[in-house]
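There are 4 protein chains.
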Amino acid sequence: MAKRSVRTGKGEAKGTPKPARKKATRDPERTRASVLAAATRSFVENGFNGARIDRIAERAGVNKQLIYYYFGSKEQLYIAVLDAAYSALRSAEADLHLDALDPVEGIRELALFNWRYHVAHPGLISLVRTENLHKAKYLKRSRKLAGLNSPLIAAITALLRRGAESGQFRADSDPVDVYITIAALGFYYLANQWTLAANFKRRLLAPERLDAWGEHIVETILAYLRPQPA
Amino acid sequence: MAKRSVRTGKGEAKGTPKPARKKATRDPERTRASVLAAATRSFVENGFNGARIDRIAERAGVNKQLIYYYFGSKEQLYIAVLDAAYSALRSAEADLHLDALDPVEGIRELALFNWRYHVAHPGLISLVRTENLHKAKYLKRSRKLAGLNSPLIAAITALLRRGAESGQFRADSDPVDVYITIAALGFYYLANQWTLAANFKRRLLAPERLDAWGEHIVETILAYLRPQPA
Amino acid sequence: MAKRSVRTGKGEAKGTPKPARKKATRDPERTRASVLAAATRSFVENGFNGARIDRIAERAGVNKQLIYYYFGSKEQLYIAVLDAAYSALRSAEADLHLDALDPVEGIRELALFNWRYHVAHPGLISLVRTENLHKAKYLKRSRKLAGLNSPLIAAITALLRRGAESGQFRADSDPVDVYITIAALGFYYLANQWTLAANFKRRLLAPERLDAWGEHIVETILAYLRPQPA
Amino acid sequence: MAKRSVRTGKGEAKGTPKPARKKATRDPERTRASVLAAATRSFVENGFNGARIDRIAERAGVNKQLIYYYFGSKEQLYIAVLDAAYSALRSAEADLHLDALDPVEGIRELALFNWRYHVAHPGLISLVRTENLHKAKYLKRSRKLAGLNSPLIAAITALLRRGAESGQFRADSDPVDVYITIAALGFYYLANQWTLAANFKRRLLAPERLDAWGEHIVETILAYLRPQPA
DNA sequence: CATGAATGAGGATTCATTCAT
DNA sequence: AATGAATGAATCCTCATTCAT
C-alpha cells in the first residue's frame, strides 16, 4: 500500500506544551460570518473565477475545510455571498417609505437612496458585475433570490401615478424604465470608474464628486419625468 | 469545459508517412486574426480568469504554443483583444461628424450611435466589465490605449456650447457628465440584462425594446439638457 | 457520494431551547451494533479505501466521532467488521456435524453448506476479496483471527479417511486441496459474477442457477474424489 | 488580486547551468507505455481507490500532468490498464489451437494454459478482483472490452462435443460451466492466497506447489467430465 | 454516551507556460 | 511558422481524525 502517513504526528514532541491553539472559536455563528465576510471580499475583488478558497480561508482565519463544512462548495459559498448582498439591499429598500412624500420628493429620495446605497456598499456592484458575466447563473440557482424582485417597482408605480395626477410628471412613463434609468446612472459611474478614470482624468470618487453625481441622477430623472410644455 | 483531448491511440503506425498535415495555414496574418477572434470570444464570455488558453487555441484551430509565439502570454493576448476592441470603437467614434448638425440632432446622433454600437458589439461591454473588475490594470498596461481618450468629449463640448448659445440647451452642463450619462444608460441596460431579466420578466433584447431604449436614452439626455423655464 | 451537509442555517434562534434531541440512543450495545452493520455494508460495497467514515456514521445514524469512540480508527473498525464476519462463518462451520454421515453425504453436506453460506452472506466474499487485495494485512492484525483456522479441515480429514477406507474415495486426496476446491468453485462464481456477467450473458444469480451451481460443486468434488477404476 | 506568483521563477539562479534535464524522452510511445506500466502496478497493488496518480507519475518517471495529457482521468487510465490486461489475455487465448488435439488433451491444455497464464500474470487477477468490487463498472465502460467475450467458449464447446462423441466425456456438460470451473480453481488459489496462507500454513506459491495445483485443476475437470459408469 | 466544530495532510485535476523538433 | 510533448505551481475538494462541550 502507498505510504499513507497514518496520522502518527501525535506523540512525537511529547515535551513541547502546545502553544495555546491560535483560534478555536467554537462560535459557529461568528465563524460562519467571518467566512462569509472574507468570501465577500474575495469575490468582490476577483470575481468568481479569480477568488481563491485558500485566500478566503486565510482571510477568515479558519481552516480551508471549514468552508466546505459550512458551505459545501465554492459555488454555494458564492451564492451565499450573493444572497446576503441582495438580501441586505432588498431589506434596505423595504425600509424606504415613499408613499407619504410628494412625488418629486419621492423620486428624489428613491434616487438618492439607490445612489448612496451603492456608494456605501461598493461590493454589491462588483457582485452584480460578476453575476452578469456569468449570465446570472448563480442568481438563478439561489433559492432565496429566485423571483424576489425589487419592492421598489411598486413604490415607483405609485409615485408615478400620483405625480401624473398632480401634473408634476408626464403621464406615459414606465416604472421599470424609471428604475433602470436611476440604477444605470449610479451603477455605471461606480462600476466603470476605473475605465472612466483611465479615459478622463477626473477624481470620480472625491466626496464632492459623489454628492454632485447623486444630484445629477436626481436632476436627470426628474427632467425626464417633467411633463413637456404643450 | 473544453473536451479533453485524450490521445486517441494515434502514432501507432510509425511507418505511415503522415498524411498531409490537416492544417498548416502558413498565413500568419490570418492565423493571428483567428487567434485574436477566438481570444475575444473567450475573454468576453469568461472574463480574464475564466478564459482558457487551451480553449482559445482550439477555437482558433491552432496549436496552443502558437498563441505564445504570437502574443507572448495570456495577459498580452488579453491586452491585444482589448486594444482591438477599443481601437474599433474609437475609430467608429472618429467617423461621427456632428459639427454640421443642429445641437439637438447632434446629441441625438451621438447617443444613438453609442447605443447602437454597443448593441452591435456586445463583446465590448463584457471587456469593459472585465477591465473594471481588474481596476483597469490591463488597460493601463496597454501602450496603445494609455491616455487615448474618447474623441467624443471634444465633439460634445462643441455641441453643448452651440446648444447653449442657441438657447436649446442649458448653459451649465458638463460634457463628461453628458457622456457618462449617455454611456451609463446604454451600458447598464446591456451589461446587466441578466440580473435585470432575473428581477423583471421583460424581454429586454427584443428588437423593438432595443429601439425603444435608444429613444429613451435620447429623450433622457435631451430632457436633462433642456434649459429650465425661469 | 454522501450528501454534503450544508449547514442549514441552523442555530439562528439562539434562545430556543433545543427541542428534545432527536436521537440519543443511550443504548451502547445497539449503537455499536448499528455502527458495525453500517461499516460492514460500506466496506463490503467499497473496499477499505473506498469506504467513508462519514457515510458509515450517516448510515448508522450516529455522530462520526462516536465511531472513533467505539473503534478507535478506520482500520480497527474494519478489523472489527472482519472479525465479526469470520467469527460468524467459523461458528456456523462448527455447527456442522459431519462425523455421523456417510462420507459421500458428508462431503455433499459440507460443499452445500459452504456454498449456501456464501450465497446467504455475500458480504463475506467482498471482505475476503478486500483482505486479499491488502495481502491479508488486517487479518493478520486481528487478535481474534490470527491463527484461527477452519475447523473444517479436521472434519474433511476424517471424511476422506473414512471414504478411503470404505472404498468410496480415492486414497491420496489432500484435505486442504479438497477444501480449496470446494471453496474456489463457490467463491469464484459469486465473487466474479460481475465480470462473468459482462463476458457471458447469463443470469448467474437466478435461484435455479444458484441451486444448479451448488449441485455442480458437489458433483465436481465427488467426481474428483471417486477412486479411479484400475 | 491575490498574490499569484507569475511564473517569475525564471532567471533567478542565472549561474547554475541546469543539470541536463533528467528525462525529456520525446518518445511518446515509450512515455505512454511507461505510464501504463506504472499505472498497472499501482492499480494491481492498491485497487482503484487505493492507487495514487502521484505515485504512478513518480513510478513512470513523468510529470503528473502528463498522465492527464495522455489518459484524461484516473478512471480512463484505469480503463486503459484494464483494456491492456484483458486484451493480452484474449490474444493469448486466441493463440491456443485445441482443435487438433484429442479432447482429453485439449481440456488439459486449456486448463493448464489458463492456470499458467494467471501464474505468469498475477496482476490480471488483482484487476479482475478490483473490477468485481466495482461491479464491473469500468469494464462496461470500456469500448474495447464491452461484449468481447472469451474465444475459449467456442473451443470448449467443440472439445466437449468431440469428447462426448468419442465416449471420453459425459454428454451433458455445459461449456460455460466447464470454463468457470477451470477458471475458479485457478483464480481462487492465486487471488486468495493471502487469506489461505493465513489459515493454512502452506507455501502456496512454491514452484512445485504451483505445478501440483495445475495438475489438480486438470484432474478435477477431467474427473468431472468423465462419463459415469452406468 | 454523544455531538458539532475544527483541522492537516493529502488527492484528483487544471492551467499557463516552456521545450524540442 | 507551426506542432506535440512535457512541466511546475496551483486549485478545488476530500478524508480520516481530533477538539471542546
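Going down the list, the sequences are from chains S, E, D and R. For the first sequence, this note's numbering begins at 1 and goes up steadily by one. For the second sequence, this note's numbering begins at 1001 and goes up steadily by one. For the third sequence, this note's numbering begins at 2001 and goes up steadily by one. For the fourth sequence, this note's numbering begins at 3001 and goes up steadily by one. For each residue, glycine too, the CB sits at the ideal point set by N, CA and C.
| query | Applying a beta-carbon distance threshold of less than 7 angstroms, which residues of chain S neighbour residue 1189 of chain E? | reply | In the second sequence, the residue the question calls residue 1189 of chain E occupies position 189. 180 and 184, listed in chain order.
| message | Cutting at 6 angstroms between CB atoms, please list the residues of its own chain near residue 3104 of chain R, excluding the five before and the five after it. | response | Along the fourth sequence, one-based indexing puts residue 3104 of chain R at 104. Taken in chain order, the residues that qualify are 3168.
| said: Using a 10 Å radius around the Cβ and a threshold of 16 neighbouring Cβ atoms, would you call residue 1072 of chain E buried or exposed? | reply: Translated into positions along the second sequence, residue 1072 of chain E becomes position 72. So residue 1072 of chain E ends up on the exposed side.
| field | DSSP state of residue 2187 of chain D mapped onto helix, strand, coil | value | For the purposes of this step, residue 2187 of chain D is taken as residue 187 along the third sequence, with counting starting at 1. Residue 2187 of chain D falls in the helix class under three-state DSSP.
| task | Check the C-beta distance from residue 44 of chain S over to residue 139 of chain S and give it rounded, since I have them as a contact under 8 angstroms. | result | Here residue 44 of chain S refers to the residue found at position 44 when the first sequence is read from its first residue. Here residue 139 of chain S refers to the residue found at position 139 when the first sequence is read from its first residue. Not quite, the Cβ-Cβ distance comes to about 16 angstroms (not below 8 angstroms), so this is no contact.
| Enclosing alpha helix (DSSP H) for residue 2103 of chain D [first to last residue] | As a position in the third sequence, residue 2103 of chain D is number 103, starting the count at 1. Segment 2103-2120, the alpha helix (DSSP H) holding residue 2103 of chain D.
| Chain-ordered chain S contacts of residue 980 of chain E [CB-CB under 7 angstroms] | Summary: the structure shown does not reach residue 980 of chain E, with chain E confined to residues 1001 through 1230, and so no result is reported for it.
| CA-CA distance, residue 132 of chain S and residue 200 of chain S? | Mapped onto the first sequence, residue 132 of chain S falls at position 132. Mapped onto the first sequence, residue 200 of chain S falls at position 200. So the two alpha carbons sit approximately 26 angstroms from each other.
| Where the segment 3104-3128 of chain R meets chain D: residues whose CB sits under 8 angstroms from a CB there | 3126 and 3128
| query | CA-CA distance, residue 3112 of chain R and residue 3215 of chain R? | reply | Counted from its first residue, the fourth sequence places residue 3112 of chain R at position 112. Counted from its first residue, the fourth sequence places residue 3215 of chain R at position 215. C-alpha separation (whole angstroms): 8 angstroms.
| Of the listed residues E:1124, E:1144 and E:1152, nearest to residue 1095 of chain E (C-alpha basis) | Working through the second sequence from its first residue, we reach residue 1095 of chain E at position 95. Cα-wise, what sits closest to residue 1095 of chain E is E:1152.
| With contact counted as at least three CB pairs below 8 angstroms, one residue from each stretch, are the segment 88-102 of chain S and the segment 171-188 of chain S in contact? | no
| task | Write down every uninterrupted run of the alpha helix (DSSP H) in the segment 2154-2183 of chain D whose length is 4 residues or greater and which is fully enclosed by it, in chain order. | result | none
| query | Taking buried to mean at least 16 other C-beta atoms within 10 Å of its own C-beta, is residue 2114 of chain D buried or exposed? | reply | In the third sequence, counting from the first residue as 1, residue 2114 of chain D sits at position 114. Per the 10 Å Cβ criterion, buried.
| field | Chain-ordered chain S contacts of residue 1202 of chain E [CB-CB under 9 angstroms] | value | Looking up residue 1202 of chain E in the second sequence gives position 202. Simply 176.
| message | At the 8 angstroms Cβ level, is residue 3220 of chain R part of the contact set with chain D, yes or no? | response | Translated into the one-based positions of the fourth sequence, residue 3220 of chain R becomes position 220. Yes - at least one Cβ of chain D is within 8 angstroms of the one on residue 3220 of chain R.
| query | Are residue 3088 of chain R and residue 3059 of chain R touching if we call contact CB-CB under 8 angstroms? | reply | Counted from its first residue, the fourth sequence places residue 3088 of chain R at position 88. Counted from its first residue, the fourth sequence places residue 3059 of chain R at position 59. No, these two residues do not count as a Cβ contact at 8 angstroms.
| Pairwise C-alpha distance: residue 3078 of chain R and residue 1057 of chain E | Within the second sequence, the letter at position 57 stands for residue 1057 of chain E. Within the fourth sequence, the letter at position 78 stands for residue 3078 of chain R. Between residue 1057 of chain E and residue 3078 of chain R, the C-alpha separation is close to 29 angstroms.
| message | I want to verify the contact list: residues of chain S whose CB lies under 7 angstroms from the CB of residue 1139 of chain E, in sequence order. | response | Within the second sequence, the letter at position 139 stands for residue 1139 of chain E. Within chain S, the residues near residue 1139 of chain E are 195 and 198.
| Residues of its chain near residue 175 of chain S, where Cβ-Cβ distance is below 7 angstroms and the 5 sequence neighbours each way are ignored | By one-based count along the first sequence, residue 175 of chain S stands at place 175. The answer, listed in chain order, is 153, 156, 157 and 160.
| field | Secondary structure of residue 1092 of chain E, DSSP reduced to three states | value | As a working mapping, residue 1092 of chain E is identified with position 92 in the second sequence. Three-state result, residue 1092 of chain E: helix.
| Of the listed residues S:227, S:50 and S:32, nearest to residue 1130 of chain E (C-alpha basis) | Locating residue 1130 of chain E in the second sequence gives position 130, counting from the first residue. Comparing Cα-Cα distances from residue 1130 of chain E to each of S:227, S:50 and S:32, the minimum goes to S:50.
| said: Restricting to Cα atoms, I'd like to know which of S:119, S:69, S:93 and S:92 is closest to residue 208 of chain S. | reply: Here residue 208 of chain S corresponds to residue number 208 of the first sequence, with the count starting at 1. Selected option, being the one with the closest Cα: S:119.
| message | Check whether chain D comes within 8 angstroms of residue 3091 of chain R, counting only Cβ atoms and requiring the distance to be less than that. | response | Residue mapping note: residue 3091 of chain R aligns to position 91 of the fourth sequence, counting from 1. It does not: the Cβ of residue 3091 of chain R has no partner Cβ on chain D nearer than 8 angstroms.
| query | Three-state secondary structure (DSSP) at residue 1228 of chain E? | reply | Looking up residue 1228 of chain E in the second sequence gives position 228. The answer is coil: DSSP assigns residue 1228 of chain E none of H, G, I, E or B.
| message | Using CA atoms only, rank isn't needed, just tell me which of S:166, S:134, S:64 and S:107 is closest to residue 32 of chain S. | response | The count along the first sequence starts at 1 and reaches residue 32 of chain S at position 32. If we check each option's Cα against that of residue 32 of chain S, S:64 comes out closest.
| field | Given residue 3141 of chain R as reference, the closest of R:3081, R:3222 and R:3203 once Cα atoms are compared | value | On the fourth sequence, position 141 is the one that residue 3141 of chain R refers to. Answer by Cα proximity: R:3081.
| field | Whole-angstrom C-beta distance between residue 1074 of chain E and residue 1053 of chain E, which should lie under 8 angstroms | value | Here residue 1053 of chain E is taken as the residue at index 53 of the second sequence, counted from 1. Here residue 1074 of chain E is taken as the residue at index 74 of the second sequence, counted from 1. Going by Cβ atoms, the distance from residue 1053 of chain E to residue 1074 of chain E rounds to 6 angstroms, so yes, they are a contact pair.
| task | Starting from the beta carbon of residue 47 of chain S, find every residue of chain E whose beta carbon is closer than 7 angstroms, and list them in chain order. | result | As a working mapping, residue 47 of chain S is identified with position 47 in the first sequence. Per Cβ cutoff of 7 angstroms: 1047, 1049 and 1133.
| Which chain R residues are close to residue 2150 of chain D, counting only those with a beta carbon under 7 angstroms from its beta carbon? | On the third sequence, residue 2150 of chain D is found 150 positions in, with the first residue counted as 1. 3199, listed in chain order.
| The alpha helix (DSSP H) spanning residue 200 of chain S covers which residue range? | Here residue 200 of chain S refers to the residue found at position 200 when the first sequence is read from its first residue. Taken as a continuous stretch (DSSP letters only), residue 200 of chain S belongs to no alpha helix (DSSP H), as it is neither H nor E.
| query | Is there a Cβ from chain E that is less than 8 angstroms from the Cβ of residue 226 of chain S? | reply | As a working mapping, residue 226 of chain S is identified with position 226 in the first sequence. Residue 226 of chain S counts as touching chain E.
| request: Answer yes or no: does any C-beta atom of chain S fall closer than 8 angstroms to that of residue 1097 of chain E? | output: For this step, residue 1097 of chain E is matched to residue 97 along the second sequence. Cβ-Cβ to chain S under 8 angstroms: no for residue 1097 of chain E.
| message | Using the three-state DSSP reduction, which class does residue 3062 of chain R fall into: helix, strand or coil? | response | For this step, residue 3062 of chain R is matched to residue 62 along the fourth sequence. Coil at residue 3062 of chain R, not helix or strand.
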